[in-house]
Amino acid sequence: MIILAKFAILEEGADRYHEIIKATTYCHNPKKRKKGRMNKNLMKEQLSHRSPPLITLLFMLLLVGLFYALLQTAPRKSAGISYPLAKNGVMDLRKWDFDKDGPVPLKGEWEFYWNTLLGPRQESSPEKTRKEVLYASVPGTWTSLEREGVKLPGTGFASYRLTLLLDNPPEDLAVQAKTAGTTLALFADGRLVMSAGVTGRSRESSQAAFRPATTESISKDSPGRIIIEAQVSNWEYRTGGLWRSFWLGDRPTLEEWRWNADSRSLILLSSLMMMAFYHFALFVMRPSDRFFLFLGLYCFLLAFRALFPVDYTISRYLPDLPFQWLIRIEYLTFFLAIPVAIYLFHAMYPAELRRWIPRATLIGSGLFSLVVLFTDTRFFTNLIYPFYLFITPVILYTLAAIFRAALHRRLGALFSLLGAIILAGATFNDILYASFVIRSRTYIQLALILFVFFQALALSRRLTHVLQKEEDLSKSLKELNENLEEMVEERSKKLQESYDEVKNLELIQAGEKERQHLGRTLHDSLGQSVHALELFTTSLLSREVSSESYHTSISRLNMIIGELKNSFYDMIHQLYPVSGGAFSLIDSVRNLALKTSDRYSVPVKIFCPNERIPCDENTAVNLYYLISEALLNSVKHAKPSRISIDLLYRNRNLDMIITNDGLNKKIAPKDDSEMESGNGMRIMNFRARSIGGTFRSEQEGEGTFIVSVHVPLKEEQYD
């Protein structure tokens, strides 16, 4: 029980651990302290709602143990006392105290007479009978015996005889008989005290039946010996004989055992039926969870099987049920329960149990079941051993799959593994017991209770996990509502900042348009006037004038107007550097590169394989200023020995790359979110975004610094 409790704690603790880690994720972030405190409170509430798996599991196991102990039918042997065994057909019970030690099993060597029916009228003389006697081990089958070097067949008829030596037996001495294969007539000193079916020499003259019962009193007025004789015939099963132990004792005790066995079977029937309909109801409410359906079917099949093995309680309530159908139902419930259990585990752990395993098991069990339905009992009862060979690897593979699920911490896998191990162990024990390989006892009823109990725990673990998640979500939503005002205020601030940024962008764009308009105005009006003035003075100079002073004045005026013109066009170029849009961008960049080289003595190399770049004037102007700002930053801060400008146009995308090899010791920010200082970088980033592009700056190696801009251009082409 302690191990089971530890498994329960591990199963419960695995998921709680992840919930606690998730709850404490934000506690150490100074910017989110309030959120961290909120998650700490959630963690405390989650821990306070933990169910005590140890107490619950121990309580449930205690109930199961009490249930099984109260309905225990097996005798309790007194300390230090061993049961006597029959030898050569005689059992000495003269030293056995029935009041103190209770009933005794009639085990050991019984006299065995093949093809002979002993009873009140013996078929032959004692001398002839003595010559044909064999000694058969009871419980057991007669197929283990040999007669004249030949092994006895499974079908036939025979008699068993046991002589009991008694001193002071109980007043109400009786024998409790279990199933025999497959008819039984029991005599005590030649008096018929119990029968099950009709014993006959042929199949036509016999009638098979399984009716375990307690005989009427076999006590004698004078102590001495009692001769027990059993006539057995088998024409319907794979083997015959006295399969199970007979018990000798006082009749009330034996009847109490029988009542306990019937009560246990009926309680198991009703419990499994309740579990079946409960899980059917869960499946109706949640059709997507197929494991409810399979667990309900499994409980339904096992509920009927609870009335069959060993004690055959069903024979007391349905005495007219034909023997053929009694055996068919027993085999079918076993054959069909195996694939249902495999489908149950596949529905619970599909990742560990491959899909073809339950399908193959269903096909194999279905074929065995068809043989059971349409063949004779003498044939299909021999299929039990091939079926054992078929299901053994399936059971072992399923156990391995559930073990893998437990290693992967699947919900409820530990409970499923415990239940499956218990059921598999009890199944293998009962297989050997039913095959007369071992003579222990059957544990299948207790194993079924524990198996269904653990599978219900596994499914309940899944349901409680879902409910726990729902509760946690409700708590999170509640806390979210409580902090909604603060979140709205924070979001409003962010929206206001975004709005201010948009307004600034609009103002800058408006200023840019105004500057372009001013440049055009200066170019179209004043520029033409100045140009006309220059032409006029030039024409004056070309005339012949006698006065030397006049000529000198005009020359000086012409020089001043020329300087005014140069300064004026420089100003226009600064205000409106790209007057021709896309086609003058390259020329403007070349002029800019030339001026930069002359002014700062730094060679600037331009690479532009395609000079026809389809962009509008606004894009061209912003690209020009981007290059201008990048060149200015390079010569001011990096002191490069050379600068290169690459303008690459392909697939309606323009990439502008400016590289310098200066003393760039500080690594530049890689995206705009990291630009916390540097007006040049911010301006370039802003201009790139204003034309729908992206800006990036990075350092390559120790000295090389790269500024790049990617701009998707419009589809229209400019001629």
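Residues 78 to 796, numbered by our numbering, are exactly what the sequence shown covers, in order.
The beta carbon of each residue, even a glycine, is placed where N, CA and C say it ideally should be.
CA-to-CA, the gap between Arg-288 and Ala-533 works out to about 34 Å. Distance from the Cα of Tyr-465 is smallest, within the candidate group Ala-477, Ala-497, Phe-411, Phe-451, for Phe-411. In this structure Gln-308 is buried. Its beta-carbon is surrounded by 16 or more other beta-carbon atoms within 10 angstroms. CA-CA distance, Val-784 to Glu-574, rounds to 27 Å. The beta carbons of Ala-251 and Leu-331 sit closer together than 9 Å. Distance between Met-352 and Leu-491, taken at the CA atoms: about 21 Å. Distance check between Trp-433 and each of Glu-281, Phe-445, Tyr-420, Ile-404 places Tyr-420 closest, using alpha-carbon atoms only. Taking a 10 Å sphere around the C-beta of Phe-354, we find fewer than 16 other C-beta atoms and assign the residue as exposed.
Following the DSSP letters along the chain, one finds Gly-443 inside the alpha helix (DSSP H) bounded by residues 433 to 451. The beta-carbon separation of Ser-310 and Phe-189, rounded to 14 Å, does not stay under the 8 Å limit for a contact. Contact annotation, Ala-383 with Leu-409: C-beta distance approximately 14 Å; criterion of less than 8 Å not satisfied. Counting only residues of its own chain and dropping the five nearest sequence neighbours on each side, Leu-370 has a CB closer than 6 Å to the CB of Phe-360. The alpha-carbon of Ser-342 is positioned some 45 Å away from that of Leu-550. Between Leu-557 and Gly-489, the gap from beta carbon to beta carbon reaches 9 Å or more.
DSSP places Ala-235 in the strand class (E or B) of the three-state scheme.
In the three-state reduction of the DSSP assignment, Trp-324 falls in the strand class, which pools E and B.
By the CB criterion at 9 Å, Ser-718 and Ala-697 fall outside the cutoff. Rounded to whole angstroms, the gap between the alpha carbons of Phe-505 and Pro-463 is 14 Å. Proximity to Gly-196 across Ala-213, Asp-453, Arg-238 peaks at Arg-238, based on C-alpha coordinates. Under the DSSP assignment, Phe-772 falls in the beta strand (DSSP E) whose first and last residues are 771 to 777. In this structure, Ile-479 places its C-beta atom within 9 Å of the C-beta atom of Tyr-426.
In chain order, Thr-240, Leu-241, Leu-242, Leu-243 place their CB closer than 8 Å to the CB of Arg-302, counting only its own chain and leaving out the 5 sequence neighbours on each side. Residue nearest to Cys-692 within the set Arg-538, Tyr-375, Ala-503, Leu-790 is Leu-790 (criterion: CA-CA distance). For the pair of segments examined, the region 260 to 274 was found not to touch the region 224 to 232: the number of CB pairs separated by less than 8 Å stays below three. Selection Ile-768, Gly-267, Asp-327, Arg-315 evaluated against Glu-306 yields Gly-267 as nearest (Cα-Cα). Shown here for Val-210: same chain residues with a beta carbon closer than 6 Å to its own, the five before and five after excluded, namely Glu-188 in chain order. Taking every protein chain shown into account, the CB of Asn-668 has fewer than 16 other CB atoms within 10 angstroms, so this residue is exposed.
Taking the Cα of Ala-257 as reference, the smallest distance to any Cα among Glu-313, Glu-293, Ser-282 is reached at Glu-313. Here the alpha carbon of Gly-318 sits roughly 5 Å from the alpha carbon of Trp-219. Straight-line measurement puts the Cα of Ile-720 at about 12 Å from the Cα of Tyr-677.
Look at Asn-311 here: in three-state DSSP terms it is strand. With a 10 Å radius around the Cβ and a threshold of 16 neighbouring Cβ atoms, Val-215 comes out buried. Nearest in C-alpha terms to Leu-439, of all of Ile-768, Phe-530, Ala-418, Thr-291, is Ala-418.
If you ignore the 5 residues before and after Arg-773, its C-beta comes within less than 6 Å of the C-beta of Ser-785, all in its own chain and listed in chain order. Beta bridge pairing from DSSP links Tyr-726 with Leu-731. Per DSSP, reduced to three states, the secondary structure at Ser-159 is coil, with no helix or strand assignment.
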